[in-house]
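Undergrad:
There are 4 protein chains.
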Amino acid sequence: MAGSTFGDLFRVTTFGESHGKGVGVIIDGVSPGVELNEEDIQKELDRRKPGQSEITTPRKESDTIHILSGIFEGKTTGTPIGLILYNQDQRSGDYSDIKDLFRPGHADFTYLKKYGIRDYRGSGRASGRETAGRVAAGAVAKKVLKQKGIQITAYTYRAGGIQCKSRDLDVIEKNPMRACDMEAAAAMTQLVIRLAEEGDSVGGIVECVVSGVTPGIGEPVFNKLDAELAKAMLSIGAVKGIEFGAGFAAADMKGSEHNDPMNSRGFIRNNAGGIIGGISTGEDIIFRIAVKPTSSINKTQQTVDINNREKPIRTEGRHDPCICPRIIPVVESMAAIVLLDLYKKQEAMGV
Amino acid sequence: MAGSTFGDLFRVTTFGESHGKGVGVIIDGVSPGVELNEEDIQKELDRRKPGQSEITTPRKESDTIHILSGIFEGKTTGTPIGLILYNQDQRSGDYSDIKDLFRPGHADFTYLKKYGIRDYRGSGRASGRETAGRVAAGAVAKKVLKQKGIQITAYTYRAGGIQCKSRDLDVIEKNPMRACDMEAAAAMTQLVIRLAEEGDSVGGIVECVVSGVTPGIGEPVFNKLDAELAKAMLSIGAVKGIEFGAGFAAADMKGSEHNDPMNSRGFIRNNAGGIIGGISTGEDIIFRIAVKPTSSINKTQQTVDINNREKPIRTEGRHDPCICPRIIPVVESMAAIVLLDLYKKQEAMGV
Amino acid sequence: MAGSTFGDLFRVTTFGESHGKGVGVIIDGVSPGVELNEEDIQKELDRRKPGQSEITTPRKESDTIHILSGIFEGKTTGTPIGLILYNQDQRSGDYSDIKDLFRPGHADFTYLKKYGIRDYRGSGRASGRETAGRVAAGAVAKKVLKQKGIQITAYTYRAGGIQCKSRDLDVIEKNPMRACDMEAAAAMTQLVIRLAEEGDSVGGIVECVVSGVTPGIGEPVFNKLDAELAKAMLSIGAVKGIEFGAGFAAADMKGSEHNDPMNSRGFIRNNAGGIIGGISTGEDIIFRIAVKPTSSINKTQQTVDINNREKPIRTEGRHDPCICPRIIPVVESMAAIVLLDLYKKQEAMGV
Amino acid sequence: MAGSTFGDLFRVTTFGESHGKGVGVIIDGVSPGVELNEEDIQKELDRRKPGQSEITTPRKESDTIHILSGIFEGKTTGTPIGLILYNQDQRSGDYSDIKDLFRPGHADFTYLKKYGIRDYRGSGRASGRETAGRVAAGAVAKKVLKQKGIQITAYTYRAGGIQCKSRDLDVIEKNPMRACDMEAAAAMTQLVIRLAEEGDSVGGIVECVVSGVTPGIGEPVFNKLDAELAKAMLSIGAVKGIEFGAGFAAADMKGSEHNDPMNSRGFIRNNAGGIIGGISTGEDIIFRIAVKPTSSINKTQQTVDINNREKPIRTEGRHDPCICPRIIPVVESMAAIVLLDLYKKQEAMGV
């Protein structure tokens, strides 16, 4: 409630800034007896870390996970799992030229207004690096869900106006955009490289499919499955929208078109995106999120400093020209955290 | 957490079904000394009630508010405010022909899967009537927020493919669609009446503008202002998506286009929709929600019964052909509840 | 968190004042399919209501339960159960002479300091009548727990210096003190009647035994079973202390005396009161609470008014000279609510 | 709710076991701009650490605090403060002889029943070392409260049957028992040393006084100040009871004796212990807790192993013969955490 905790029964608390000692997470509510080691978590973190490909920032970050607690002889004990990634090379000197400026698109202005004080080094707590803790927690949730037959897959569906024509989940990890269509991926990559050279960035749409969820998951009325997923996704820094199933297209549809009829084999179509009345139908859960273009760009922008004096700003350094490829493990992680928490609630309801 | 409670410090708990004794709400955390009477609440409920216009269902519902507790000599005491709307004319016999059928687009199937038991009378707890409690609570929150200079206004922005050309907030309550453009409103109304005659329904987009919010409201990282609003909106039955500011259009924008520059008079544009890093910027908060077409239609649809036998279904009776006009007070109410809760958290942070 | 809600998965929200429209409770998280009717709840309320015997106040209160929601065809549906007891005969005029005075032992002073406003009619929200909602919710919890073989029994163990010599649970409902020893009960009753005649009151100790709880219930480290029970009991107005098992006597014991050894048939003794490390051992859970003497007495006491002018005060009217007999169903109810919530959490942990 | 988090607005999450990498705490909700360094926290930890005196265990523990996050240029930023104490010398081999035995008085049996798995090294999560995280968080809370003029002081009031005759707060840190009476302290110390030589231990009573709390703190009805303090105290491993003000003595008092009258200078006495109706009166808050004798004793006790085979057990090694001196900073810390959280809620109520 104070902001850094998510979930009730599977409960995740993140801490840390991009330029302090490290970033980490405490995960409470993991069932005991789950086999878990650093590798289970590291492999997901590696999908999030910088420098994976020619279109992610080559910035050096240490993304090596350390387990602090909660594991005994290779298994979870039911007690809080503490995980940390220590920071490296945090040279605060780098930020002296921007410490008094509000970078457009960044939370510099709002953090200062909120707290009256601000850690100006690399966005502090608002840094994308905070999501490493989420991915670490998500890796644990995904492992537990996988044993229930639940698979969560996110991918870039659109970027800079280029949209995937097909949805081939097998190619996602085979292209740097993590797109679901190799042809679109190639076009996207080309566009992104060109924009990076111009010092600019671009937004995109990430789609997520969750298969294997049994019907009945989600808590009406305020803790609906889609409500919880929406909160989870909008809690990710760069996300500006979410839609389920037919989503915004439903605005132009008739009821007779949008309703999903049923026959004895189940639902005939899935405009609902796998959720009706806030509860899973058993069909694939499908949602899309709008990802804004990276705020840090290498172009001169108009801004003010903390004394409200107008100043031009130009963010040097290399940043991801498109956030989509690296936000994907974060999206999957948050979806996993939501689902595991709601699975636990469903189990508790029966008692 | 068990599903029917929303908010932490301004906390709303709803109860009741469409065909039980009534629907109601307990509001905890209202500051003491606020002048409050039935009329404050009734006027908002009247915007939600059926039978307001030619395009809302003429179904007879009693939407008269009764204050059960928390008010003393015309003022709030700081203790829980209990509010109830008793139901009338709940004739359970009407539902015998559909009690074993899963109505397409309704939560019949998912509730049965979740609970193993289902109140089949008028959707039970999943009925739109549950939102009366939210509107009642929202009326209280709006009154408190208004004293801080905060104004929340929602309106139909698009319906059945017809989009408003202008945003004239003065005309919203002057047309049955609650659209922000009289010309579009007329076209929408015509379309909706025609669809109703065909026994069909249509979706739409509702936009909400919140003005007067001071910078600094919202709790990073998981309880971001946009994350909480997203959860609140997706917890409304018919909502299938939400976007803030430029929203999904950001997917096709460059960083240099999307970032909102600043000068000494403030932000130059508002692609962020008034929220950066999950915290209010002081600009208008702007979001849009996708509203699906009414599920109850007067056309034959394909479905199954609880024994998985295929059956045609046709929902007799009159329903709203477009949910937008009546969802608007619900949207405003949920926004008010979110904001007041976060205002309280901001105040608490300073201690 | 705003104060009127207790529990997470089995969640109880009470509302109402002694002199408003009524008092009630919303219970969320009840498992679906439980047979439940008014009679199940009324029989527990009747143990709490005034006028049961010669030693309870003859004040007329309507303690008739009305189910507002959550029950369909005699069974719970999994949705919130709303319950209300309407007030009768609330004559506000009766309170004009004490409305500006702080009654010693009552929350008049603290409520005014907290809220700056106070419903002076019969203690408002701080009235013992608020506990009717707890007893109603407890009746539901007890019914569910009984099906698991769990029995919760509270009784007066000591009052006005008279202590029970035996613990005969069969006699509890056979004497007006609800004591566990008929001889002590007779002496207590005599004492209480004499004090009532003098216009005075007396305190006591209530003991509670919970049998049938399986080992493993309770959440370390902060939500220990004893911690949650302690909170639940101290949330009851007149309770000033709690101790588990050997309790305060442990202060004078050696480790070799206090530790409960085990043999192959289980624990040899139960100094722990059925809880070790915050988790149930499977032995009877035993705790005692200190109940202060009724604050309302018919004797002249020294106090001040809201303008800090010294004034004598004498509370006319009849009040319970000892709270123990009527607090017993409240104690049992709060214990039941705590246990059911923790049972649900234990179930959720395994997922 | 999953057990390792305490508080809502000032929120503390502990993690770690006695024999893992370390123990730590994440503190969320600290107001920004508070000057804070390691020394502020270390000085409180030093009061908790082993080996302080001849009557605490000479066991070697590293109690050096490391700040992981939330501090920037010597001040809090409003973001989560991560604190850790790395463990040293965790030789798991030491525990091989007791790994299958249930030590009397320890949580070995209950943890195994709850989780089906158990970290047998030094009690794992149930170790007293977990409280280091609480003390670290409490140090932060105490610093903030001190600026409001609030002082929290706990001390040994009774141990092994020896009770303090006076309450001299100045002598507490001048005797190894942290008792409030030097004469009693000497007798206690002698007793404790003798018992340690016999391989036994002893319990005690710790009293806590909180001065400077303004009237109006505490949230009726379920989150009463005394209810929250009771939960906080009973969440400490060795605590078996709590009483406020007159406490259990109230059981033998008349209303005319127990009620605290008022005159124009305030309350004339303080039987209530500074709390009426769950809200602070402005008088000193006074409570006492029952501390059980240390479970680890150097005497042969009867127990069973995990296969229910009867086995004698004798815990070698040195342990504190009386927990009181080292529990005192934990008691003060938990009190501080409760109070700061409720102060924040009071502030939020006014919005």
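Residue numbers (the working numbering), protein chains in the order written: chain L, 722 to 1072; chain H, 722 to 1072; chain R, 722 to 1072; chain D, 722 to 1072.
Each residue gets a CB set at the ideal place from its N, CA and C atoms; glycine is no exception.
Looking only at C-alpha atoms, which of L:E918, L:E919 and L:N896 sits nearest to L:A908?
TA: Taking only the C-alpha atoms, the option nearest L:A908 is L:N896.
Undergrad: For R:F965, go through chain D and note every residue whose CB falls closer than 7 Å to its CB, in chain order.
TA: K961 and G962
Undergrad: Kindly list, in the order they appear in chain D, the residues whose Cβ is closer than 8 Å to that of R:V1012.
TA: A971 and A972
Undergrad: Which term fits R:D981, buried or exposed, when burial requires 16 or more other beta carbons within 10 angstroms of its beta carbon?
TA: So R:D981 counts as buried.
Undergrad: From which residue to which residue does the alpha helix (DSSP H) around L:V1052 run?
TA: Unbroken alpha helix (DSSP H) run through L:V1052: C1045 to M1070.
Undergrad: Output needed for D:E759: all residues of its chain with C-beta closer than 7 Å, excluding positions within five of it in sequence on either side, in chain order.
TA: I786 and I788
Undergrad: Taking DSSP's pairing of strands, which residues face H:E928 in a bridge?
TA: H:Y876 and H:R1009
Undergrad: By a C-beta neighbour count over all protein chains shown, 10 Å radius and 16 as the cutoff for buried, is D:D973 buried or exposed?
TA: Here D:D973 is buried, its C-beta having at least 16 other C-beta atoms within 10 Å.
Undergrad: Residues of chain D with CB closer than 7 Å to the CB of L:S725, please, in chain order.
TA: D749 and P801
Undergrad: Assuming R:I989 and H:I747 form a contact by the criterion Cβ under 8 Å, report the distance between their Cβ atoms to the nearest whole angstrom.
TA: Not really, about 48 Å apart at Cβ, beyond 8 Å.
Undergrad: Interface residues of chain H around D:S752 at Cβ under 7 Å?
TA: M1070, G1071 and V1072
Undergrad: Should D:S1076 and D:G939 be called a contact, given that it needs their Cβ atoms to be closer than 9 Å?
TA: No answer is possible for residue 1076 of chain D: the residues shown for chain D start at 722 and end at 1072.
Undergrad: Going by Cα to Cα distance, which pick from D:A860, D:A951 and D:I997 is closest to D:G937?
TA: D:I997
Undergrad: Within this structure, are the beta carbons of R:K835 and D:Q1067 separated by less than 9 Å?
TA: yes
Undergrad: Please return the same chain residues whose Cβ sits closer than 8 Å to the Cβ of H:S790, not counting the five positions on each side in sequence.
TA: T800, P801, I802 and G803
Undergrad: What three-state label does DSSP hand D:L822 in the structure shown?
TA: strand
Undergrad: Drop a sphere of 10 angstroms on the beta-carbon of L:E851, count the other beta-carbons inside from all chains shown, and report buried for 16 or more, exposed for fewer.
TA: buried
Undergrad: Could you name the residues that DSSP lists as bridge partners for D:R732?
TA: Bridge partners of D:R732: D:D749.
Undergrad: Which residue from D:F943, D:V942, D:P941 and D:K961 puts its Cα closest to that of R:A948?
TA: D:K961
Undergrad: For L:L766, collect the residues of the same chain with a Cβ closer than 7 Å to its Cβ; drop the 5 residues on either side in sequence, then sort them by chain order.
TA: D784, I786, A853, V856 and A857
Undergrad: From D:T877 to D:G924, what distance separates their C-alpha atoms?
TA: In a straight line, the C-alpha of D:T877 is about 10 Å away from that of D:G924.
Undergrad: Relative to the ligand FMN, is the shortest distance from any of its heavy atoms to the C-beta of R:G962 smaller than 8 Å?
TA: For the ligand FMN, the structure offers nothing, since it holds no ligand at all.
Undergrad: Find the nearest neighbour of H:V682 within the set H:A723, H:I1034, H:G987 and H:V733, judged by alpha-carbon distance.
TA: The structure shown does not extend to residue 682 of chain H, since chain H is modelled only from 722 to 1072, so the question has no answer here.
Undergrad: Please tell me whether R:K1066 has its Cβ less than 9 Å away from any Cβ of chain L.
TA: yes
Undergrad: Which residues in chain R have a C-beta closer than 7 Å to the C-beta of D:S977? List them in chain order.
TA: Chain R residues near D:S977: D921, I1018 and K1020.
Undergrad: Mapping the DSSP letters down to three states, classify H:T910 as helix, strand or coil.
TA: helix
Undergrad: Our contact map puts D:D1041 next to D:T1015 with C-beta atoms below 8 Å; I'd like the distance itself, whole angstroms only.
TA: Between D:T1015 and D:D1041 the Cβ distance is about 6 Å, and since that is below 8 Å, they are a contact.
Undergrad: Helix, strand or coil: how does DSSP classify H:Q809 here?
TA: coil
Undergrad: Under 8 Å, CB to CB, which of the residues in the stretch 862-873 of chain H have a partner in chain L?
TA: Residues passing the 8 Å Cβ filter: none.
Undergrad: Is D:K869 buried or exposed, if buried means 16 or more other CB atoms sit within 10 Å of its CB?
TA: When all chains shown are included, D:K869 counts as exposed.
Undergrad: Report the residue ranges of all beta strand (DSSP E) runs contained in full by the stretch 768-806 of chain L; include only those spanning at least 3 residues, in chain order.
TA: 787-790
Undergrad: Report yes if the CB atom of L:I1010 is closer than 9 Å to the CB atom of L:I926, and no otherwise.
TA: Yes.
Undergrad: What is the rounded straight-line gap between the Cα of L:P794 and the Cα of H:R1035?
TA: The question names Pro, but residue 794 of chain L is Glu in the sequence shown. Computed Cα separation, rounded: 60 Å.
Undergrad: Keeping to the same chain, check which residues put their C-beta closer than 7 Å to that of H:V1051; ignore five residues upstream and five downstream.
TA: Closer than 7 Å at Cβ, skipping near neighbours: R769, T852, R855, V856 and I957.
Undergrad: Mapping the DSSP letters down to three states, classify L:G998 as helix, strand or coil.
TA: coil
Undergrad: What do you reckon, are the CB atoms on H:G743 and H:L806 nearer than 9 Å?
TA: yes
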